[in-house]
Structures are given as structure tokens and as C-alpha cells.
Amino acid sequence: MSETLVSPDSRPRTERRPKGTSFAGLVGVELRRLWWRRLTKAAVVAVVLFTGAMVYNAYTASAPERLAQQLDDFRTMTQQAPQMLEECKKQEAMERDRSGDPAVDFGCDQQQTPTLEDMGLVLPVADVITEGIAKVGALLLAFVALLLGASFVGAEFSTGSMGTWLTFAPRRLQVASSKLTAAALAGAGIALLGLVLGNLGARMVAVVNRPGDDLVLPDPAQLTDPLALLGLRVVALAVGAGLIGAALALLLRHTAAIIGVVLGYAVVVEGIAVQSFLQGRLQRWSVLHNIEAFVEKGSTYFAESCTDARCEYTQHTITYTQGWVFLLGVVVAIVAVGLVAFRRRDVS
Amino acid sequence: MDVAVRTVNLRKTYLSRGSRRVAVTGLSMAVPLGGVHGFLGPNGSGKTTTIRMLLGLVRADSGTAEVFGEAVPKRLPQVIDRVGAIVESPKFFPTFTARQNLVLLAGAIGSPRHRVDEVLEATHLGDRGRDRYSGFSLGMKQRLAIAATLLKDPDLLIFDEPTNGLDPAGIREVRDTMRSLGAEGKTVLVSSHILAEVEQVADTVSIIGHGSLLAEGRVSDILGGAGASGVGQVRVGVASPDRAAQVLQAEGYTLTRDDAYLMVGTDDPSAVTRSLAGHGLYVSELVPVRADLESAFLALTAGEGLGGEADRVAGGRSDGGAS
Ligand SMILES: Nc1ncnc2c1ncn2[C@@H]1O[C@H](COP(=O)(O)OP(=O)(O)OP(=O)(O)O)[C@@H](O)[C@H]1O
Ligand SMILES: [Mg+2]
Numbered sequence: 000m001s002e003t004l005v006s007p008d009s010r011p012r013t014e015r016r017p018k019g020t021s022f023a024g025l026v027g028v029e030l031r032r033l034w035w036r037r038l039t040k041a042a043v044v045a046v047v048l049f050t051g052a053m054v055y056n057a058y059t060a061s062a063p064e065r066l067a068q069q070l071d072d073f074r075t076m077t078q079q080a081p082q083m084l085e086e087c088k089k090q091e092a093m094e095r096d097r098s099g100d101p102a103v104d105f106g107c108d109q110q111q112t113p114t115l116e117d118m119g120l121v122l123p124v125a126d127v128i129t130e131g132i133a134k135v136g137a138l139l140l141a142f143v144a145l146l147l148g149a150s151f152v153g154a155e156f157s158t159g160s161m162g163t164w165l166t167f168a169p170r171r172l173q174v175a176s177s178k179l180t181a182a183a184l185a186g187a188g189i190a191l192l193g194l195v196l197g198n199l200g201a202r203m204v205a206v207v208n209r210p211g212d213d214l215v216l217p218d219p220a221q222l223t224d225p226l227a228l229l230g231l232r233v234v235a236l237a238v239g240a241g242l243i244g245a246a247l248a249l250l251l252r253h254t255a256a257i258i259g260v261v262l263g264y265a266v267v268v269e270g271i272a273v274q275s276f277l278q279g280r281l282q283r284w285s286v287l288h289n290i291e292a293f294v295e296k297g298s299t300y301f302a303e304s305c306t307d308a309r310c311e312y313t314q315h316t317i318t319y320t321q322g323w324v325f326l327l328g329v330v331v332a333i334v335a336v337g338l339v340a341f342r343r344r345d346v347s
Numbered sequence: 000m001d002v003a004v005r006t007v008n009l010r011k012t013y014l015s016r017g018s019r020r021v022a023v024t025g026l027s028m029a030v031p032l033g034g035v036h037g038f039l040g041p042n043g044s045g046k047t048t049t050i051r052m053l054l055g056l057v058r059a060d061s062g063t064a065e066v067f068g069e070a071v072p073k074r075l076p077q078v079i080d081r082v083g084a085i086v087e088s089p090k091f092f093p094t095f096t097a098r099q100n101l102v103l104l105a106g107a108i109g110s111p112r113h114r115v116d117e118v119l120e121a122t123h124l125g126d127r128g129r130d131r132y133s134g135f136s137l138g139m140k141q142r143l144a145i146a147a148t149l150l151k152d153p154d155l156l157i158f159d160e161p162t163n164g165l166d167p168a169g170i171r172e173v174r175d176t177m178r179s180l181g182a183e184g185k186t187v188l189v190s191s192h193i194l195a196e197v198e199q200v201a202d203t204v205s206i207i208g209h210g211s212l213l214a215e216g217r218v219s220d221i222l223g224g225a226g227a228s229g230v231g232q233v234r235v236g237v238a239s240p241d242r243a244a245q246v247l248q249a250e251g252y253t254l255t256r257d258d259a260y261l262m263v264g265t266d267d268p269s270a271v272t273r274s275l276a277g278h279g280l281y282v283s284e285l286v287p288v289r290a291d292l293e294s295a296f297l298a299l300t301a302g303e304g305l306g307g308e309a310d311r312v313a314g315g316r317s318d319g320g321a322s
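First to last, the protein sequences are chains A and B. Position 97 of the first sequence, counted from 1, bears residue number 96 in numbering that gives the first Met the number 0, the numbering being contiguous throughout. Position 168 of the second sequence, counted from 1, bears residue number 167 in numbering that gives the first Met the number 0, the numbering being contiguous throughout.
In C-alpha cells form, the structure reads like this:
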């Protein structure tokens, strides 16, 4: 007699048949899977490397020798400033004469007085360096979170294990929500990791690069916005990106397709269309501009506006409020579409 | 009759790239409680699609299905703990180990962690639990899939062509497993396009073709009914078949010539030898051929375009006949 796969001792020893798990239980399982994934480890390594690179960059940029060199250049420049202003005014006057238009403005006054702060010649202070890293790193952290969320769910479709999973947890909405939640938490984790490393690095830079007594530099301007709040916004952005990645995976089912769509959108829509159509007025609805408005509490763009006679570029502002409302709307819309699609569609 | 699974007028149309393909066309079938039920049909007849609908993976266009009396997919969450299924082929995360895959699934149903080790042991994967799934042989993958279904201690097991690609030992292992589950009182629904397989393991069978039911019932009845008017056949080898044919025809047997053999319709082979011996004709060979399975199946599923699979059906039959 050949052996069967089901010997009597394979019966559960617990008398009660397992009765499914709660939503929190499902999220827990998804987080465990996330933790076990190779891509998660790769993402952590990427964040460490990238933050390290930014810290290194801040370190070289604020090295005392370099600051001293720049300070020299600055002094030379300020000495020449009066001459340059004079030259500018002279050019402006000539142009006014030539065109007969007294409104011609070369903006000479604006070039007038660069300060040490304008030139970034300030004492290296940890918070200020962190702010710089957070602002530059926000987009990258968000992209990593998006990738992580997308492949976290995309892999389930490409390996077919989504079907297996649904025969264990058949409530589609609950299943999808647990995956989205895990992706959001992954985004938060990635962002926190980047911010914490960036802040630690910045503190080290501030200590290591503290100039000697021979180099006198002003303190940087006080941060107008508390660093903690900036950090929260960077985390929120990554959470949103993780959600979008996972939701797009529920919709498109292929990690590669998502990367294609996201990069395609970034290049074609954000990079080209938004700039070239409607004299640039579409920029108000550009995701990248709104991200900037959200993270940096406001963003500006230039759009051409024409009156009968002539066209000119004017500056427009995107407020912080618009930024977060817009981004929240995008996230909610994509998540909703992903959930609906996943609930309805066949899984093979 | 208590049923484990019942479908009524189940229908499914796939839409892909603008074209419509009706995969299941009003299928009504019933799987009795307990025992092994074969789900037989040629390739593309809609077996997998039906199973997917039962599991809520695919949404039916119309019709109803129920599992243990609960309407699915609506009330699937209420019964899913009693249903273990392997659809088409085992599907797990390739870069995770067998154990990791099972731990995740156990987590999904709130099954205690020690169950994972128990089911790994039960499926003889105890020492491979820490190996990646991607490095598993097909047989090991199949066993892991069975291990996963055992996490739930299900009352209904659905296996979709579970022996596909397995070697004879693996096939035997899976068949024995299904039989022992059936003997324990579990309901096993096993789809197959191989007649001999269903014949060997199943007590009851539903045969489908083109997405609808062709026949359903006890395997013995169906296969018997497919022969000449419900009567079995014996193949008779005898030195002078022509005379033997005359004798038997005179006694009212229906028979056909098959080269040097006679195919005689009867349920009592000894009567045939008696008749022939009475006329001085001695039987050199007498093989009961239970209804001609292959032709029955092919007749029922006529026009399904079995193609290369016909060979397998034929091969399977001669295995069955030799036993
Ligand atoms: N996801 C899908 N999209 C479009 N058509 C499909 C899909 N899945 C199955 N079909 C079609 O539906 C029909 C039934 O397929 P199904 O897989 O249910 O058959 P089957 O009986 O399981 O066949 P096999 O024995 O080959 O596994 C086939 O014609 C198939 O081409
Ligand atoms: Mg199939």
C-alpha cells in the first residue's frame, strides 16, 4: 500500500476549526510578508544609501575650508557690487532710450544686495541641513514607497498567489484594505527611516563641520515651519505614495505596468504636456507642483498670460491648502478605483 | 440527497480583448456529501471556470451555486473554513520558503502556528520546510498545496487536475490521498480530463462538455449505462470465432467482432463459457470489459476536439482494463 498524504496525525490537534482572522490579523500577516520580501530589504538599503549620499553632500557643501573659500568669493563680489549696479542702471537707461518705453525694467535693484544668507553662507545647523535633506528626499522616499506598495501587491498577481490567498480570506474588500494598510505603513516606515537617518547625519555634519574661530558666519534664518511638521508631511506623502502603488497594483496587476504608467505619466504629462498646453496654466494641477506645495507649504509656477497687445509670464502660487486637498483627492480616487476593480474582477 | 456542492444554471462568459467566450453554459450539477466526486470533461470544457466560480474567484454571469447549503460567493466567508482547494496548479510565493508560505496562510485563517509543522510533516515535507518554493519539484509543490488545504481541516476538498505532470508515484500518492479523504467522510471534488483517473478514484461523477452537464451519477451506473443497454461486455478469445459467433447469436447474445476476438454483451461471463463449451468450443481468453469507457466518454463529449489528449484517455483505459 502506498502512503497517503493524510495520515491520521495530520488532523488538527485543536478541536475547534480555525475561524478566520480579524482585519488587524490580516494586516499583521501582510506586514510579515512585507518584512520577508527581498524588495523591502532592497528598499531599506536604497534609502540608507540615498540618505547617506545626501548627508555626504551636505557635509562637503558645509566643510569649513569650502565655506572659507566661498566667503572670499563673496567678499570679492560685494566689493564689485556697486560697479555692477551702476552698469546695470546704465544698460537700463540705454534700453529705455532705444525703445522709448520708460517702463523697461532690468531689475537692477533686485541684484543689489546679496547677503551671506542668500549665498547659503551660514553656520551649518542640524535642523537646517535636515530640512534640506527632507525637502530633496521627499520625492525619492515617496517613489520608493510607491514601488514597494506596487510590487507588494503586484507580485501576488504575477505569482498567482492572490488566488490561493482568496481561498483563505475571501472577503475581497477586507483583503484589499489590509494590503493597502500594509503598503501605507511600509511607506511611513520608509519615510521615517530616511528622515531619522537624515537627521542623525545632519547632526553629525553640524558637529564635524563646526567652523573654527577664524571663520565667522551668521546663524541661518530660523525655520519658519517646525521641522517635526515637515517630517510629518514627508511621511504623509510616502504613505499616500504607498497607497497609490498598492491601489494601482489592484487595478493593473503588474508591477512593471505600474512603473511604466507612473514614469510615463511623469515624463509625458508632468514633463511635457503640463508645460506646453494652455500657456502653462495646467501646472496648477500638476502632481509634482502640488507635492511641492504640500511639502514646502506653497509652490509657484509661471504661466503666460496674454492681453490684447502682448504676452507675459506671470507668477502664480499654489497654496499649501490646495496642495494637500489635491493630493488627498488623487489618493482617494485611485484607492477607490483600485478597491472597486479588485472587488469586482475575476482573479485567476 | 444531501449535497456538498450544487450549481443551478451556472453561466460564465469571459470577455477578453473584445471577444466573448462562453466557458460555462448553464451548468447544473450536484456533488453528494462524502466520498470522491469526479468532475470529468475534456480540455476547455469549463471545469476550472466552474471551480473558480465555486470559490468566488470568478463571478458568474447568472445562475446560482451553493456550498454546504450556503449561497456562494455571497456567503462564502461562512463556509470557506470548510473548503480547501487547489485550482489548476499550486500557486505560492516563489521566493518564500514552504514554511513561510504556510505561515502566511495560517495567519489568514487564524490557524495556530504549530499546525504548519504538523501539515508539513503530514505531507512529508518536514525536512524541506526551509527550502524556497521556487526550488521545489512539481510533486513537492503539489504536496505543499495539499498541506495548505489541510491547514483548515476542510470538509470539502476541491482538486483541479491534481495529477497533472506528476510521475506515477506522485499520481498514486495523490489518488490514494483523495481516496482516503473520501473514505473518512470528506467530500472530494476532483476535476480531470482523464477518464481512467475518475474511474479509479471517484464514487460519483459529473461529466461536462462545452460548459454544460452531459451525465451525472454513480460511476458504475454511468459507465454501465454507456455500454449496450446497461449490460457489460466480455472479450472472448476462441479458436474459431465465426462458429462461436453463430452459437452465441443463436442464444440471443449481442456481439461484435473485434479482429480475432468477440465482444459479447453480458453481465455473466461464465454463461458464455458454458454455452461455448456445450458446442465443443473452448475459450482461450475471457476478459470482462466494463462498458467501453473511451467510446462512452468520446460519444458524450463528441466534437470537443480532444486532440492529443485522446491518446491519454486511451492509454488510461488500457491501464484500467489490465487490473
Ligand atoms: N481568463 C480567461 N479569459 C478568457 N477565456 C478563458 C479564461 N479562462 C478560461 N477561458 C476559456 O474558457 C473555456 C473553459 O476554460 P476552463 O479553463 O474552465 O476549462 P477546463 O475544463 O478547466 O480545461 P482544462 O482541462 O484544459 O483545464 C476555455 O475555452 C478557455 O479558453
Ligand atoms: Mg482546467
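Backbone N, C-alpha and C fix where the C-beta goes; we use that ideal spot for every residue, glycine too. Predicted, not measured: the structure shown is a model, and the values here were computed from it.
Original post:
Of all the CB atoms in chain A, is at least one closer than 8 Å to the CB of G106 (chain B)?
Top reply: Yes - at least one Cβ of chain A is within 8 Å of the one on G106 (chain B).
**OP:** Step through the CB atoms of chain A and report whether any lies within less than 8 Å of the CB of K140 (chain B).
**Re:** Taking Cβ atoms only, chain A never reaches closer than 8 Å to K140 (chain B), which makes this a no.
**OP:** Under 7 Å between beta-carbons, which chain B residues line up against V47 (chain A)? List them in chain order, please.
**Re:** Ordered by position in chain B, no residue passes the 7 Å Cβ test against V47 (chain A), which lies about 22 Å from the chain.
**OP:** For A84 (chain B), return the contacting residues in chain A, with the cut-off set at a CB-CB distance below 8 Å.
**Re:** From the beta-carbon of A84 (chain B), the residues of chain A found nearer than 8 Å are T166.
**OP:** Consider the Cβ of Q245 (chain B): report whether some Cβ of chain A lies at a distance smaller than 8 Å.
**Re:** False, the Cβ-Cβ gap to chain A never drops below 8 Å.
Original post:
Listed from N- to C-terminal order along the chain, which residues in the segment 55-72 of chain B have their beta-carbon within a distance smaller than 8 Å of any beta-carbon of chain A?
Top reply: Under the 8 Å Cβ criterion, the segment 55-72 of chain B contributes G55, L56, V57, R58, P72.
Subject >> T318 (chain A) burial status per 10 Å Cβ neighbour count (16 or more: buried) >> reply: By the 10 Å Cβ count, T318 (chain A) comes out exposed.
Original post:
According to the neighbour-count rule (16 or more other Cβ atoms, all chains shown, within 10 Å of its Cβ), is H36 (chain B) buried or exposed?
Top reply: Classification for H36 (chain B): buried.
Original post:
Using the C-alpha atoms, what's the distance from L199 (chain A) back to G322 (chain A)?
Top reply: One Cα belongs to G322 (chain A), the other to L199 (chain A), and the distance between them is close to 29 Å.
Original post:
Counting only runs that start and end within the segment 245-275 of chain A, where is the alpha helix (DSSP H) found for 4 or more residues in a row?
Top reply: Runs found: 254-263.
**OP:** Give me the Cα-Cα distance between E295 (chain A) and L287 (chain A), rounded to the nearest whole angstrom.
**Re:** In this model, E295 (chain A) and L287 (chain A) are separated by some 12 Å (Cα to Cα).
**OP:** Determine whether the Cβ of T94 (chain B) lies closer than 8 Å to any Cβ atom of chain A.
**Re:** The beta-carbon of T94 (chain B) is placed less than 8 Å from the nearest beta-carbon of chain A.
**OP:** Please compile the residues from chain A whose C-beta is within a distance smaller than 7 Å of the C-beta of Q199 (chain B).
**Re:** Against Q199 (chain B), chain A offers no close residue; the least beta-carbon distance is about 13 Å (beta-carbon pairs closer than 7 Å).
Original post:
At least one CB of chain B closer than 8 Å to the CB of T254 (chain A): is that the case?
Top reply: No, T254 (chain A) does not count as interfacial toward chain B.
Original post:
The beta strand (DSSP E) with C107 (chain A) in it runs from where to where?
Top reply: Unbroken run through C107 (chain A): none, as it is neither H nor E.
Original post:
Near ligand 2, which residues have their beta-carbon less than 7 Å from any of its heavy atoms, given in chain order?
Top reply: Working through the chain, the matches are B:K46, B:T47, B:E87, B:D159, B:E160, B:S190.
Original post:
If we count Cβ pairs, one from each stretch, closer than 8 Å, do we get three or more for the segment 55-71 of chain B versus the segment 238-256 of chain B?
Top reply: Contact between the segment 55-71 of chain B and the segment 238-256 of chain B is absent: fewer than three C-beta pairs spanning the two stretches fall below 8 Å.
Subject >> Nearest-angstrom Cα separation, counted from A141 (chain A) out to A240 (chain A) >> reply: The straight-line gap from Cα to Cα measures roughly 5 Å.
**OP:** Consult DSSP for Y300 (chain A) and reduce its assignment to one of helix, strand or coil.
**Re:** Reduced to three states, the DSSP call for Y300 (chain A) is strand.
Original post:
Quick one: which chain A residues come within Cβ less than 7 Å of K90 (chain B)?
Top reply: Those within 7 Å of K90 (chain B) in chain A are T158, G159, S160, G162, T163.
Subject >> Complete beta strand (DSSP E) runs within the segment 201-261 of chain B (minimum length 3 residues, chain order) >> reply: List check, beta strand (DSSP E) in window: 203-208, 211-217, 232-237, 253-257.
**OP:** Determine the burial state of G40 (chain B): buried for a count of at least 16 other Cβ atoms within 10 Å of its Cβ, exposed for fewer.
**Re:** Buried, because 16 or more other Cβ atoms sit within 10 Å of the Cβ of G40 (chain B).
**OP:** Count the C-beta pairs between the segment 200-210 of chain A and the segment 171-180 of chain A that are closer than 8 Å, then say yes if the count reaches three, no if not.
**Re:** In short, these stretches do not touch, since the Cβ pair count stays below three.
Original post:
At a CB-CB cut-off below 7 Å, which residues of chain B make contact with D345 (chain A)?
Top reply: Against chain B, a Cβ distance below 7 Å from D345 (chain A) picks out L56, V57, R58.
Subject >> Complete runs of the beta strand (DSSP E) confined to the segment 5-84 of chain B [at least 3 residues] >> reply: Within the segment 5-84 of chain B, the complete beta strand (DSSP E) runs of at least 3 residues are 18-31, 34-39, 61-66, 69-71.
Subject >> Heavy atom of ligand 1 within 7 Å of R20 (chain B) beta-carbon >> reply: For R20 (chain B), the shortest separation between its Cβ and any heavy atom of ligand 1 lies below 7 Å.
Original post:
Measuring from the CB of N289 (chain A), is there a heavy atom of ligand 1 at a distance below 7 Å?
Top reply: If you check the C-beta of N289 (chain A) against ligand 1, you find no heavy atom less than 7 Å away.
Original post:
So which residues on chain B does G27 (chain A) lean against when the C-beta distance must stay under 9 Å?
Top reply: Those are G106, listed as they occur along chain B.
**OP:** Look at the alpha carbon of D291 (chain B) and the alpha carbon of D202 (chain B), and state the distance between them as a whole number of angstroms.
**Re:** Residue confidence is low: D291 (chain B) scores 45 on pLDDT, short of 50, so the model does not pin down where it sits. No coordinate-derived value is stated.
Original post:
Can S205 (chain B) be considered in contact with ligand 1, in the sense that its beta carbon sits closer than 7 Å to one or more heavy atoms?
Top reply: Not one heavy atom of ligand 1 is found less than 7 Å from the C-beta of S205 (chain B).
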